[in-house]
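Written below as C-alpha cells is the structure these notes are about.
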Amino acid sequence: MSGLKRNSLDSYHSAVKSSECSVNTKCVKEKQRGGSCRKVQKEPKSFSCEDCGKRFSQTSSLTRHMKGHTGQKPFACELCGQRFSRKHNLNTHMRVHRGEKPFACELCGYRCTQKVSLNYHMKVHTGDKPFACELCGYRCTHKASLNTHMRVHTGEKPFACELCGYRCTQKVSLNYHMKVHTGEKPFDCELCWQRFSHKHGLNRHMRVHTGEKPFGCELCRKRFSHENSLNDHMRVHTGDKPFACELCGYRCTQKVSLNYHMKVHTGEKPFACELCGYRCTQKSHLNTHMRVHTGEKPFACELCGYRCTQKSHLNTHMTVHTGEKPLPVSCVDKDLAESHI
Numbered sequence: 001m002s003g004l005k006r007n008s009l010d011s012y013h014s015a016v017k018s019s020e021c022s023v024n025t026k027c028v029k030e031k032q033r034g035g036s037c038r039k040v041q042k043e044p045k046s047f048s049c050e051d052c053g054k055r056f057s058q059t060s061s062l063t064r065h066m067k068g069h070t071g072q073k074p075f076a077c078e079l080c081g082q083r084f085s086r087k088h089n090l091n092t093h094m095r096v097h098r099g100e101k102p103f104a105c106e107l108c109g110y111r112c113t114q115k116v117s118l119n120y121h122m123k124v125h126t127g128d129k130p131f132a133c134e135l136c137g138y139r140c141t142h143k144a145s146l147n148t149h150m151r152v153h154t155g156e157k158p159f160a161c162e163l164c165g166y167r168c169t170q171k172v173s174l175n176y177h178m179k180v181h182t183g184e185k186p187f188d189c190e191l192c193w194q195r196f197s198h199k200h201g202l203n204r205h206m207r208v209h210t211g212e213k214p215f216g217c218e219l220c221r222k223r224f225s226h227e228n229s230l231n232d233h234m235r236v237h238t239g240d241k242p243f244a245c246e247l248c249g250y251r252c253t254q255k256v257s258l259n260y261h262m263k264v265h266t267g268e269k270p271f272a273c274e275l276c277g278y279r280c281t282q283k284s285h286l287n288t289h290m291r292v293h294t295g296e297k298p299f300a301c302e303l304c305g306y307r308c309t310q311k312s313h314l315n316t317h318m319t320v321h322t323g324e325k326p327l328p329v330s331c332v333d334k335d336l337a338e339s340h341i
C-alpha cells in the first residue's frame with residue numbers, strides 16, 4: 001500500500017476512534033479557535049419505542065422513529081414522487097436529482113450522497129466483515145446484507161409482484177423484475193443500439209462485440225462468454241440430460257432444446273419465408289433457408305475452394321480430402337438440427 005493510501009487509511013481509523021466517546025459523555029465539535037472538542041453530559045434516554053424497545057432522549061426523536069413503524073411518509077419529492085418519513089431523508093434524496101455527491105473516499109475517489117454510504121464503502125479497503133452467518137459461515141460488511149442472506153436459509157421471500165405473483169428476497173430484485181412488465185430498457189449498446197433492462201445484461205452483451213470469453217472448460221478448453229453457457233456445456237462431459245419430453249421420452253441438456261423439440265409434436269412452424277412460403281420451427285432454420293434465395297455460401301473449404309450454405313455440409317465435404325468415411329444421411333441431418341440449437 002502506498003504511503004498516501006496508508007496515511008489516509010490511518011486517518012480514517014483515527015477518526016473512527018476519536019468519535020467513540022465514553023458511555024456518559026458525547027463529543028460536540030465546536031467551530032472555535034482551535035476547533036476544540038468539549039465533552040458534555042448525555043441526556044438520559046427516557047423515551048422508548050413500544051414496538052422495538054429502542055430508547056431516545058427526546059420525544060421528537062421518538063416521534064420521527066415511530067414513522068418507520070407506522071409507514072407514515074409525509075415528505076414527498078416533487079421530481080419523482082418518492083416519499084420519506086423524515087425531512088432529512090428527503091433532503092438527502094434530492095442530491096440524486098442534483099447529482100451532488102459531497103462525500104468522497106480519499107483512497108480511491110469514490111463519491112456518494114451520504115456519510116453512511118461512505119462508511120460502508122470504507123470497509124472495501126479495510127476488509128472489515130464483522131457480520132457472519134452461523135449456518136454457513138458467510139461474512140459481510142453490513143447487518144442488512146446478513147439479514148438478506150439469511151433468507152437463503154429460511155426460504156423467506158417477502159417481496160411479491162402484484163401483477164404475476166413472482167416473489168423474491170430483495171427489493172432490488174423486485175425492481176428488476178418489474179421491468180419485465182413495464183418493458184423499460186434504459187441501458188443501450190452504443191455499438192448496435194440493442195437495449196437492455198439491466199446493466200448486467202448490457203455488460204454480458206458487450207462480450208459479443210469484444211469477443212471476450214472469460215469462462216473456460218477445464219476438460220476440453222472450450223471457452224464461453226457466459227457462465228450459464230459453460231454450465232450447459234459441462235453436461236456434454238457429464239452426460240447429464242435433465243430435460244425430458246413427456247410425450248416421447250426425448251432427453252436433452254437445455255430447456256431451449258426441449259422447447260424446440262416440442263414443436264415436433266405440436267406441428268408448430270411459426271417462421272415462414274416470404275419468398276416461397278417455406279415454414280420451419282426455428283428462426284435459425286429460416287436464416288439458413290434464406291441463403292437459397294440470396295445465393296450466400298459463407299462456409300468455404302480451404303483446400304479446394306468449395307463453398308456451401310451450412311457448416312454441416314462443409315464437414316461432410318472435408319471427408320473427401322481426409323478419406324474419412326462420411327456419416328449416414330440421418331446422422332448428417334441430426335448434426336444439422338443440433339447446429340441450430
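According to UniProt numbering, the sequence shown is numbered sequentially starting from 1.
Heads up, the beta-carbon is just placed ideally off N, CA and C, and yes, glycines get one too.
Can you give me the start and stop residues for the alpha helix (DSSP H) that Y120 sits inside? K115 to T126
In this structure, does DSSP put R86 in helix, strand or coil? coil
In chain order, what residues of the same chain lie with their CB nearer than 6 Å to the CB of L163, ignoring the 5 residues before and after it? H181
Cβ-based burial, L275 [other Cβ within 10 Å; buried from 16]: exposed
Could you tell me whether any non-hydrogen atom of the ligand MG is closer than 7 Å to the CB of S85? What this structure holds is no ligand at all, so the ligand MG is not there to describe.
S85 burial status per 10 Å Cβ neighbour count (16 or more: buried): buried
Please state whether DSSP places R307 in a helix, a strand or coil. In the three-state DSSP reduction, R307 falls in the strand class (E or B).
Beta-carbon proximity check, C217 vs L202, cutoff 8 Å: no
Going by CA-CA distance only, name the one from F299, L303, N315 and M318 that's closest to T309. F299
Is it true that the CB of F187 sits closer than 8 Å to the CB of K199? When the beta-carbon positions are compared, K199 and F187 come within less than 8 Å of each other.
Quick check: what's the CA-CA separation for residue 349 versus C49? Within the shown structure, residues of the chain are numbered from 1 to 341, placing residue 349 beyond reach of any answer.
Across which residues does DSSP place R223 in a beta bridge pair? G216
By DSSP's criteria, A132 is part of a beta bridge. Which residues make up the other side? R139
Can you tell me whether V320 is buried or exposed? The criterion is at least 16 other CB atoms within 10 Å of its CB, across all chains shown. exposed
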